[in-house]
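Going left to right, the sequence shown walks through residues 1118 to 1290 as the numbering used here numbers them. Ideal placement from N, C-alpha and C gives every residue a C-beta, glycine not left out. See structure below.
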Amino acid sequence: MISSRWARTVAKLGIASVLALSLGACGGGGFSLPSLSSSSPAAPEPGLAPDVPATIRSDEIVGKWGLASYQNPADRARTEKQALAQCKQPYVIGAGTAGGVVMHLADQATPQELRLKGSQGGKNYIGPAGPAGGEQDREVVSFDGRVLITRFVDKDAATRYGNMVYVRCGARA
1118 MISSRWARTV AKLGIASVLA LSLGACGGGG FSLPSLSSSS PAAPEPGLAP DVPATIRSDE
1178 IVGKWGLASY QNPADRARTE KQALAQCKQP YVIGAGTAGG VVMHLADQAT PQELRLKGSQ
1238 GGKNYIGPAG PAGGEQDREV VSFDGRVLIT RFVDKDAATR YGNMVYVRCG ARA
């Protein structure tokens, strides 16, 4: 038979072990108190890069666009002409209520507000909130104000949709 004193000692050691493991996991290997001095700004958390603004503004791509796509880079010029011909039934990129643009994600029937995001490498992306280059994002391959070319980051979507060519319909609004 186990004495109650022995059981309490084992229980206390078990609780202390669990608390020590929990504190070790929270502290990432060490525990430090925040600095009370205001001389240095707070550094971003390790592993999280700060948001980089896109070099393209949302209002630059809002409007009506002819849309086509290509797989082979040699087909780009021909595809731009095909996209321009689609201006009879344009793809509309709307302005979002939170400063983004309203577009479709891959395989989604309903458009939603997406953000323009920059990356540390200088690339621009269009996608839902989250880090630039996420699986639902599309990379802006090129943009000159009249022609926008994007490619989905997701390999499967990129294979199915190819390089999406948007050619502005009419004069820029």
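Enumerate in chain order the residues of its own chain whose CB-to-CB distance from Ala1185 is below 7 Å, with the five nearest sequence positions on each side excluded.
For the purposes of this step, residue 1185 is taken as residue 68 along the sequence shown, with counting starting at 1. Thr1196, Gln1199, Ala1200, Gln1203 and Val1282.
Those residues which DSSP pairs with Ala1212 across a bridge:
Start at 1 with the first residue of the sequence shown, and residue 1212 comes out as number 95. Ala1212 is bridged by DSSP to Val1218.
Measuring only the C-alpha atoms, how far is Val1257 from Phe1269?
Against the sequence shown, residue 1257 aligns to sequence position 140. Against the sequence shown, residue 1269 aligns to sequence position 152. Using only the alpha carbons, I get a separation of about 9 Å.
Taking the C-alpha atoms as reference points, what is the distance between Gly1145 and Pro1170?
Position 28 of the sequence shown, counted from the first residue, corresponds to residue 1145. Position 53 of the sequence shown, counted from the first residue, corresponds to residue 1170. For Gly1145, the predicted model reports a pLDDT of 47, less than 50, meaning its position is unreliable; a value from the coordinates is still stated below. C-alpha separation (whole angstroms): 30 Å.
When you compare each of Tyr1242, Asp1168, Pro1248 and Gly1250 to Leu1265 by their alpha carbons, which one comes out closest?
Counted from its first residue, the sequence shown places residue 1265 at position 148. Comparing alpha-carbon positions, the option among Tyr1242, Asp1168, Pro1248 and Gly1250 lying closest to Leu1265 turns out to be Tyr1242.
Ordered along the chain, which non-local residues of its own chain (more than five positions away) have a Cβ less than 7 Å from that of Gly1235?
Start at 1 with the first residue of the sequence shown, and residue 1235 comes out as number 118. Counting only Cβ-Cβ distances below 7 Å, and skipping sequence neighbours, we find Val1169, Pro1170, Ala1171, Thr1172, Asn1241 and Ala1249.
When the Cα of Asp1254 is compared with those of Asp1224, Gly1262 and Asp1261, which residue comes out closest?
In the sequence shown, counting from the first residue as 1, residue 1254 sits at position 137. Here the closest residue by C-alpha is Asp1224.
CB contact flag (Glu1177, Gly1239, <8 Å):
For the purposes of this step, residue 1177 is identified with residue 60 of the sequence shown, where counting begins at 1. For the purposes of this step, residue 1239 is identified with residue 122 of the sequence shown, where counting begins at 1. Gly1239 sits away from Glu1177, with the two beta carbons spaced by 8 Å or more.
Please list the terminal residues of the continuous beta strand (DSSP E) segment that includes Arg1174.
Start at 1 with the first residue of the sequence shown, and residue 1174 comes out as number 57. Arg1174 -> no beta strand (DSSP E), and no H or E assigned at all.
Go ahead and label Thr1276 buried or exposed: buried means 16 or more other beta carbons lie within 10 angstroms of its beta carbon, across all protein chains shown.
Locating residue 1276 in the sequence shown gives position 159, counting from the first residue. Here Thr1276 is exposed, its C-beta having fewer than 16 other C-beta atoms within 10 Å.
Might you give, ordered along the chain, the residues of its own chain that have their beta carbon closer than 6 Å to the beta carbon of Ser1259, omitting 5 neighbours on each side?
One-based indexing of the sequence shown puts residue 1259 at position 142. Correct list, in chain order: Ile1266.
Would you mind giving the Cβ-Cβ distance between Met1220 and Leu1231, rounded to the nearest angstrom? I have them listed as a contact below 8 Å.
In the sequence shown, counting from the first residue as 1, residue 1220 sits at position 103. In the sequence shown, counting from the first residue as 1, residue 1231 sits at position 114. Going by Cβ atoms, the distance from Met1220 to Leu1231 rounds to 5 Å, so yes, they are a contact pair.
Give me the DSSP bridge partner(s) of Tyr1283.
Indexing the sequence shown from 1 puts residue 1283 at position 166. Answer is Leu1184 and Leu1265.
What are the partner residues of Gly1235, as DSSP defines its beta bridges?
Counting from one through the sequence shown, the residue named residue 1235 turns up at place 118. According to DSSP, Gly1235 bridges with Val1169 and Asn1241.
Would you kindly work out how many angstroms separate the C-alpha atoms of Lys1291 and Gly1279, rounded to a whole number?
Any answer about residue 1291 is impossible in this case: the structure gives the chain only from 1118 up to 1290.
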